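Protein chains in written order, with the numbering used here: chain F, 1 to 284; chain R, 1 to 284; chain V, 1 to 587; chain E, 1 to 587.
Scroll down for the structure; my scribbles are underneath it.
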Amino acid sequence: MAIEKFNTICSPTWCPGCGNYSIWNEIKRALDELGIPQHKTLIVYGIGCAGNMYNTINTYAWHSLHGRSIPTAVGAKLANKDLTVIAVAGDGDALGEGMAHFIHALRGNVNITYLVHENKVYGLTTGQTAPTSEKGFVSKSTPEGVIEVTTNPVSLALAAGGGFIARGYAGKPQQLKDLIKLGISHRGFSFVDILQPCVTFNKINTYPYYNERVYDLQAEKHVTNDWGAAMGKAREWGERIPTGVFYQDKREAYEDDLPQEKGKPLAERVVVKRQVRTLYKEFN
Amino acid sequence: MAIEKFNTICSPTWCPGCGNYSIWNEIKRALDELGIPQHKTLIVYGIGCAGNMYNTINTYAWHSLHGRSIPTAVGAKLANKDLTVIAVAGDGDALGEGMAHFIHALRGNVNITYLVHENKVYGLTTGQTAPTSEKGFVSKSTPEGVIEVTTNPVSLALAAGGGFIARGYAGKPQQLKDLIKLGISHRGFSFVDILQPCVTFNKINTYPYYNERVYDLQAEKHVTNDWGAAMGKAREWGERIPTGVFYQDKREAYEDDLPQEKGKPLAERVVVKRQVRTLYKEFN
Amino acid sequence: MQHEVRFTWKIGGEAGFGIKSAGIIFAKACMRSGLYAFDYTEYPSLIRGGHNTYQVTVGERPVHAVHQAVDILVALNKHTIDQQWSELSHGAAVVYDEDEIKLSAAKCQAKNIQRVSVPFKKIIDEIGGGEIMRNTVAIGASAALIHLPLAMLNQIITELFASKPDAIALNIKALERGYAHVKDDHKKEGLIIKLEPVAREKRLYISGNEALGIGALAGGLDFFAGYPMTPSTTVLQYFAGKAVEQGLVFKHAEDEISAVNMAMGAAHVGARAMTATSGGGFALMGEGLGLCAVSETPLVLVDVQRPGPATGMPTWTDQGDLQFVLHAGQGEFPRIIAAPGDIEECFTLGAESLNWAEKYQLPVILLSDKFLGEGYGTVTPFAEDKVTIERGKLLTEKTIPKNYKRYKITQDGVSPRALPGMKNGIYWADSYEHTEQGFSSELASDRVAQVDKRARKLATALKELPAPKLYGSTKAQLILVAWGSTKGPILDAIELLPKKYQGKVSLLHFTVLWPLDGKAIRAQLESKPGLLARGRKVVLIENNSNGQLGELIRQESGIEIKDKVLKYDGRPFFVEELVQHITHFLQ
Amino acid sequence: MQHEVRFTWKIGGEAGFGIKSAGIIFAKACMRSGLYAFDYTEYPSLIRGGHNTYQVTVGERPVHAVHQAVDILVALNKHTIDQQWSELSHGAAVVYDEDEIKLSAAKCQAKNIQRVSVPFKKIIDEIGGGEIMRNTVAIGASAALIHLPLAMLNQIITELFASKPDAIALNIKALERGYAHVKDDHKKEGLIIKLEPVAREKRLYISGNEALGIGALAGGLDFFAGYPMTPSTTVLQYFAGKAVEQGLVFKHAEDEISAVNMAMGAAHVGARAMTATSGGGFALMGEGLGLCAVSETPLVLVDVQRPGPATGMPTWTDQGDLQFVLHAGQGEFPRIIAAPGDIEECFTLGAESLNWAEKYQLPVILLSDKFLGEGYGTVTPFAEDKVTIERGKLLTEKTIPKNYKRYKITQDGVSPRALPGMKNGIYWADSYEHTEQGFSSELASDRVAQVDKRARKLATALKELPAPKLYGSTKAQLILVAWGSTKGPILDAIELLPKKYQGKVSLLHFTVLWPLDGKAIRAQLESKPGLLARGRKVVLIENNSNGQLGELIRQESGIEIKDKVLKYDGRPFFVEELVQHITHFLQ
Ligand SMILES: Cc1ncc(C[n+]2csc(CCOP(=O)(O)OP(=O)(O)O)c2C)c(N)n1
Ligand SMILES: Cc1ncc(C[n+]2csc(CCOP(=O)(O)OP(=O)(O)O)c2C)c(N)n1
Ligand code: SF4
Ligand code: SF4
Ligand SMILES: [Mg+2]
Ligand SMILES: [Mg+2]
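Right, here's the structure in full:
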């Protein structure tokens with residue numbers, strides 16, 4: 001298959017059955033189908049099981065700090081707008097340590113794609129609660145069950161001003177791939193929340209759990225330009241769990257508003273000494 | 001007046017006409033009317049013009065780090081639930097540097113009150129954009145105007161799971177005082193967004209600007225237990241700007257769920273050596 | 001192998017197959033049989049798939065070090081044999097399944113390796129229970145090899161699965177099958193252990209992190225906030241698990257910045273508070289650390305080190321954070337840094353650090369590391385009686401003086417402390433520089449007075465804190481200088497030196513890393529003032545690449561320790577390599 | 001007062017009344033008249049209400065220091081007279097409004113103070129324009145006192161308000177009224193300045209922060225991300241204002257953690273990138289700093305210091321962050337630290353640091369402070385011609401070798417660098433320890449090889465970075481040791497020493513603070529190896545309380561500098577106190 005060119009000498013190390021395998025495959029397929037050259041792609045990974053995908057995709061890669069994939073991705077994109085920049089994060093990464101960056105990236109709208117592996121647990125640190133854990137979830141850091149209200153990344157993203165908001169599921173690879181492609185193609189910050197069973201530490205939100213519940217918004221003719229409708233769907237979680245595109249707007253990406261981004265990408269311009277004499281005037 | 005007992009040897013240092021004066025007064029009035037003893041009150045201040053209130057209120061006080069008033073307030077409350085704990089922050093403080101804590105405090109629901117002085121600018125650092133600045137706002141850090149979408153703290157608070165969400169205005173002191181009192185009386189995390197004209201660095205969102213636009217939700221019979229209605233009102237900003245209580249729920253405060261919080265406050269128990277022999281069992 | 005029994009048992013396989021839990025059962029069985037066990041795990045920062053090993057060194061006398069030479073190797077997969085082959089001691093036994101792994105007699109000849117094939121696969125297929133049961137079979141087989149009574153293992157299994165009778169039955173079956181398979185076919189003379197079973201409650205098999213947790217509980221900890229980070233996570237989890245039962249509040253915070261500020265908030269109102277993390281999380285606490293110092297709030301921060309920078313090697317060990325935690329946070333302010341040398345000191349410091357924090361009203365940083373924090377060893381129950389609760393100059397409502405000033409300038413640098421909630425104690429706790437009352441001040445006089453006052457605390461503390469401790473003779477030919485977790489391995493290595501070197505080596509071990517007394521250090525290292533080590537060698541041993549204690553010693557005392565043994569490959573010091581290094585310096 | 005003209009003019013009033021802008025107009029007028037001006041502001045961390053002062057020392061020769069003795073004091077309120085009285089030099093003039101402030105002849109007698117009353121209130125009431133016009137009236141009056149031509153001031157006002165004709169007219173009226181009021185009544189003999197007007201473009205009146213900004217622009221800066229923090233904010237604002245015009249991308253990030261990671265992202269793909277903050281923001285960048293080093297990303301981080309810890313004294317000065325930035329970030333990794341000594345060096349380092357970052361592929365930290373960063377001084381246009389662009393081992397698509405390995409082990413520690421977007425250059429930039437290709441690795445051999453490789457960069461850099469510079473004779477009787485922003489004040493103080501001491505004092509000034517060459521330092525401070533300062537004194541001067549450079553010098557060279565002049569009250573060194581200290585050590 002064509003996607004083999006995206007493999008590296010490293011094999012994934014996730015638990016057998018982990019939802020990350022599917023996400024890994026669909027990212028590669030999406031990139032392949034979009035025909036983006038590997039060397040024009042930069043993937044920024046967070047720290048966690050999700051982020052451990054780092055070694056296994058053959059594009060430029062940056063393994064960031066826990067919680068900090070977004071700012072690095074934003075900086076890279078602003079400095080080289082010709083790159084396709086994707087950030088891959090866990091839900092602890094994205095919504096625990098990295099919450100502030102998430103909210104601000106949504107308002108900033110730099111043209112990158114954010115894939116958040118929502119397994120509702122801290123996988124790599126072997127099973128503490130994530131902000132997405134359901135109320136009452138028993139974990140190593142919440143042995144009496146989670147007290148806090150569950151973080152809903154989709155409704156947060158809407159409230160923060162996100163311009164492309166979707167949800168995929170590791171158990172629906174075809175749709176997931178399409179959502180990733182749509183996200184990458186969206187001009188602006190795109191957010192894809194990905195339901196990802198953690199077979200080792202989350203015995204609640206399993207494949208069967210999701211298989212019984214997920215449905216496709218697009219199959220139900222959800223309109224994606226109605227914020228209120230999107231928020232209504234965003235808050236649905238229980239018997240039925242919506243997947244697909246919740247919301248998409250048409251506003252310009254951040255960098256489209258910067259005159260200095262016109263022309264060649266910053267990083268591809270030859271660095272030359274600037275003549276700064278003209279800057280002296282205000283100081284004379 | 002009775003509120004003079006809340007004054008200290010320090011006078012406020014805000015610019016003449018600054019909205020902070022009114023907020024300062026209404027905080028003191030609210031405390032006074034609620035009859036909370038000064039020594040049973042701890043106010044945690046952020047860093048900014050808002051936070052500079054620190055020296056001028058005669059209750060226990062903690063001047064925190066920029067952005068970090070919430071966690072300190074939460075820690076203090078969990079350790080001494082008998083204290084009335086209030087956090088006072090600027091909007092840069094609360095929604096820039098401190099965004100993550102805000103979102104997580106809303107879900108956590110520890111019983112403190114958060115007063116955010118929304119002046120839509122960084123005052124103390126002399127006039128850069130705040131997350132709340134309106135699109136196009138020209139400031140020292142955005143000389144070409146703000147590109148990002150404006151952060152709406154009220155809709156974010158709703159999406160994050162807040163249980164008491166209100167908005168006051170420095171220009172309506174009576175209502176502001178009532179909202180602060182309601183917030184303090186609410187059992188759980190209460191958030192009061194306070195519109196505060198910065199007469200020095202914000203020439204857009206001035207007293208006249210707000211005077212023309214604000215209205216009282218309660219005067220218009222807004223029901224406060226309807227999340228959808230609250231979100232609808234939260235998104236209103238323009239010709240008309242709603243103030244008052246947007247939303248209030250009845251869920252338990254975080255600490256109500258902790259058996260170890262029953263009885264005396266943690267910090268008032270006599271610290272004694274614990275007998276740890278019983279803990280050895282799992283290691284024998 | 002010495003005259004006494006001391007051997008190393010190691011099990012290796014794929015990550016995620018419960019190797020460690022199995023190892024602990026084996027270790028506990030040895031412990032209850034009267035022996036001492038000390039373990040070591042190597043596992044990658046992955047959940048599955050990587051190579052995992054767990055080893056226990058078992059001895060008649062206490063063990064505090066990792067041994068490189070393996071005497072019994074349980075290989076759950078071929079990779080283990082390949083990877084660990086070079087570690088096998090002469091005459092070692094390899095337990096494996098010849099149905100799955102080929103191990104030729106020829107290969108074994110050179111080192112006289114004893115092959116012990118156990119049909120793991122066949123057994124688990126027969127009894128059911130899945131891959132994870134291999135471990136149990138392997139333990140049964142291992143027990144047989146050293147004639148460890150099966151009953152002891154059965155007992156431990158029974159306790160462990162108390163709530164799951166099915167699991168007990170299954171595991172006991174697996175144990176028995178493994179045991180039976182080996183018993184008659186093999187024995188391993190040198191390793192047969194002398195059994196002197198001890199009462200269960202007389203010994204603990206415990207990690208440094210857990211010991212620290214128990215210590216802090218003994219010391220009256222009220223509040224803990226943290227964010228998970230390997231290898232500190234088990235500290236956090238220990239408190240999470242005990243919170244309700246022990247009446248402390250535990251909070252999994254949204255990040256480390258929040259954690260340190262929450263803990264400070266709790267400490268401010270009077271709770272005994274702590275946070276724990278590894279270097280990366282600590283890097284986010286620097287500003288809070290300074291706030292803690294300037295607001296004079298008592299707080300304990302634990303850094304369980306791993307190799308950095310950045311994400312580094314999350315599941316490996318290092319002592320690379322000393323200078324970092326000493327200088328974390330902008331500006332200049334006092335702090336105490338202490339590093340436990342072994343599991344017992346984890347307990348002691350877990351309790352005592354809370355006293356120091358309150359007595360001097362400043363942040364106390366405990367520096368542990370993966371090796372010490374996650375490693376299990378055998379100890380006798382901790383010195384609980386020695387734990388005291390000292391709250392320093394804490395006021396009560398009744399003792400608050402008129403015109404109370406929280407930041408009063410005092411001789412010893414410590415000012416009497418009221419707590420929010422107390423009548424007549426109202427004060428302002430400021431992150432700005434401030435007056436004695438706590439109002440923000442930019443006066444030169446206030447600034448200088450407060451900086452000096454805060455600095456004086458360290459002079460005060462220096463008089464009371466434990467000085468570096470010399471293990472061995474002051475006249476030794478070779479003085480090793482080390483800090484924190486290397487203590488156990490170094491002392492074990494000194495013990496294992498050939499007879500002719502016995503008594504010739506001492507260890508100067510630093511538990512308190514800051515404040516340091518440069519003059520006292522000179523006195524301990526110099527034979528005559530100004531004359532370093534006449535006829536005597538001083539060698540620095542650190543688990544980092546810069547020799548950071550060496551840097552500090554030179555900075556504070558002027559003494560340069562030129563001979564250094566630095567290890568920074570993520571592994572702790574193995575006792576054999578220490579013996580070699582020490583021998584080298586003695587020759 | 002020396003033979004040549006040098007005087008200090010100071011204006012004081014309430015915060016928020018545009019005192020500083022007024023002062024700058026006055027300073028520029030002096031500058032264009034052929035003099036050198038150097039300013040100093042004291043303002044509280046408040047927007048209004050606090051006490052604000054602005055002072056300029058003006059001289060025929062360049063000035064680099066704050067003078068404590070004030071020769072002309074403009075008091076806009078009574079508080080200024082009270083507060084600044086002790087600073088007045090003998091025979092100083094006080095400009096004030098006797099309608100508002102009482103100043104008795106008796107009070108003035110002792111110091112022979114010249115009272116110059118100007119009816120500020122009356123004038124502004126008459127001409128309109130509000131409180132802020134007092135400043136302009138005051139400048140007019142001050143100009144008259146020293147016979148500075150009114151035309152020069154009018155010219156500057158006209159340029160300044162180019163877009164606001166009304167403001168020009170009003171201000172000129174205010175100037176004239178102030179000038180006229182004084183002209184005939186008073187003069188101040190000693191201060192009458194010799195005018196040798198210079199062409200406008202020959203001199204700049206500029207702050208260190210702005211000079212650094214211009215330097216970085218000259219050096220090809222492409223990307224800046226930051227978060228405002230006094231006293232670094234003007235660096236950020238400088239770039240914000242120039243972004244579109246100069247074609248760089250500027251981002252006001254949501255916090256400092258984001259800022260450093262954004263800048264790293266930009267640097268990673270090949271942009272020249274920078275971030276700037278003060279200590280508190282830097283404390284949030286420690287983890288990023290380590291990531292920068294381990295991923296070998298070229299980045300410049302600026303810390304404009306203020307007194308810490310925590311919020312500290314935001315608008316005051318300090319050199320307390322040296323050890324902090326040297327050790328910020330968990331684990332051990334290389335970094336370069338440099339501190340500009342004056343405004344010219346702000347420019348030079350602003351450009352050169354970008355080269356160092358790329359040549360050695362590591363973080364470069366520039367340590368400035370409030371005194372240098374926010375202080376304005378007169379300089380000649382910067383040495384633009386000397387600026388070079390050196391990108392080190394940067395590859396192009398064509399030069400990428402087959403089987404390219406980003407983290408190849410090299411002799412000098414630096415490995416050829418491809419950029420994302422380049423064909424055949426794909427690599428993995430890891431925050432974990434890694435292989436030469438950049439895949440995560442936990443092998444002991446990879447770890448050691450990469451740690452050693454990274455460490456070698458500093459050895460490489462040490463050969464090329466500027467060594468500490470000796471100002472004055474190598475044989476001087478007294479050697480002052482200092483770093484960063486104290487250079488100007490110390491050199492000015494040496495110049496101002498009584499004649500008998502001329503030539504007896506040298507300054508050993510450190511611009512590069514890390515890496516340090518202990519041996520070279522010994523060579524510079526010792527007269528004979530091992531013999532420190534025979535017949536010669538060495539004195540450490542630092543704007544902090546611990547003498548941090550002294551700590552590092554002892555750590556690296558073993559030399560203990562016992563004599564120290566440490567100032568940590570938030571104020572910079574005043575030239576008079578330095579003269580006094582130096583004289584003391586010479587006696
Ligand atoms: C600053 C910092 N804090 C904590 C950690 C430890 N850590 C590594 S991964 C992780 C969380 C993993 O959870 P998540 O982000 O949900 O990813 P998952 O493993 O579930 O895919 C944590 C807390 C770290 N590496 N850095
Ligand atoms: C970590 C850190 N970053 C930056 C600052 C500088 N700083 C002080 S106040 C402030 C922002 C003030 O704006 P806001 O919070 O909106 O308060 P306001 O002054 O408008 O009331 C900033 C950025 C700081 N003190 N600490
Ligand atoms: S722990 Fe969970 S998320 Fe991590 S690899 Fe295993 S199944 Fe996947
Ligand atoms: S700057 Fe703005 S917010 Fe700050 S004191 Fe002045 S008016 Fe108030
Ligand atoms: Mg997760
Ligand atoms: Mg604000």
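Where a beta carbon is used, it is the ideal one built from N, C-alpha and C, also for glycine.
Quick caveat: nothing in here was measured; it's all calculated off a predicted structure.
* Rounded to whole angstroms, what's the CA-CA distance from V/D71 to E/N261? Just pull it up for me. => One alpha carbon belongs to V/D71, the other to E/N261, and they sit about 48 Å apart.
* Fully enclosed by the stretch 277-311 of chain E, which beta strand (DSSP E) runs are 3 residues long or longer? -> 299-305
* Hey, could you find the ends of the alpha helix (DSSP H) E/D166 is sitting in? => 165-183
* To do: Can you give me the start and stop residues for the alpha helix (DSSP H) that V/K463 sits inside?
  => 444-464
* Asked: Residue range of the alpha helix (DSSP H) that V/S207 falls in?
  -> Going by DSSP, V/S207 is part of no alpha helix (DSSP H) but of the beta strand (DSSP E) stretching over 204-207.
* To do: Could you tell me if the beta carbon of E/T388 falls within a distance shorter than 6 Å of some heavy atom in ligand 7?
  => Ligand 7 is absent from the structure shown, which contains only ligand 1, ligand 2, ligand 3, ligand 4, ligand 5 and ligand 6.
* **Members of the stretch 394-424 of chain V near chain R, C-beta cut-off 8 Å** => L419, P420, G421, M422, K423, N424
* To do: Go through its chain and collect everything with a Cβ distance to V/I81's Cβ below 6 Å, but skip five positions before and after it.
  => Answer for V/I81: A75, listed in chain order.
* **Cβ of R/T278 within 7 Å of any chain F Cβ** => no
* Measure the CB-CB distance between E/V414 and V/S545 and report whether it falls below 7 Å. => no
* Asked: What residues in its chain sit with their C-beta under 7 Å from that of E/Y238, if we drop five residues either side in the sequence?
  -> N209, E210, G213
* **Per-residue DSSP class, three states only, for F/K233** => Secondary structure at F/K233: helix, using DSSP grouped into helix, strand and coil.
* Asked: Straight-line CA distance for V/H64 to V/P489?
  -> 6 Å
* Relative to the alpha-carbon of F/G244, which residue among F/K250, F/A234, F/V138, F/G92 has its alpha-carbon at the smallest distance? -> Looking at F/K250, F/A234, F/V138, F/G92, the one whose alpha-carbon comes closest to that of F/G244 is F/A234.
* What did DSSP end up calling V/M1 once you bin it into helix, strand or coil? -> Only weak support is given to the placement of V/M1: the predicted model assigns it a pLDDT of 39, under 50, and the value that follows is read from those uncertain coordinates. The answer is coil: DSSP assigns V/M1 none of H, G, I, E or B.
* Would you mind sorting V/A162 into buried or exposed? The rule is 16 or more other CB atoms within 10 Å of its CB. => exposed
* Asked: Helix, strand or coil for E/D563 per DSSP?
  -> strand
* Asked: So, is the C-beta of E/A15 closer than 7 Å to a C-beta in chain V?
  -> no
* Asked: If F/G285 and F/D91 are in contact, beta carbons under 8 Å, what's the gap, nearest whole angstrom?
  -> Residue 285 of chain F falls outside the range modelled here, since chain F spans only 1 to 284, and no answer is possible.
* To do: Measure the C-alpha to C-alpha separation of E/N424 and F/F6 and round it to an integer number of angstroms.
  => 14 Å
* **R/Y280 (DSSP reduced to helix, strand or coil)** => helix
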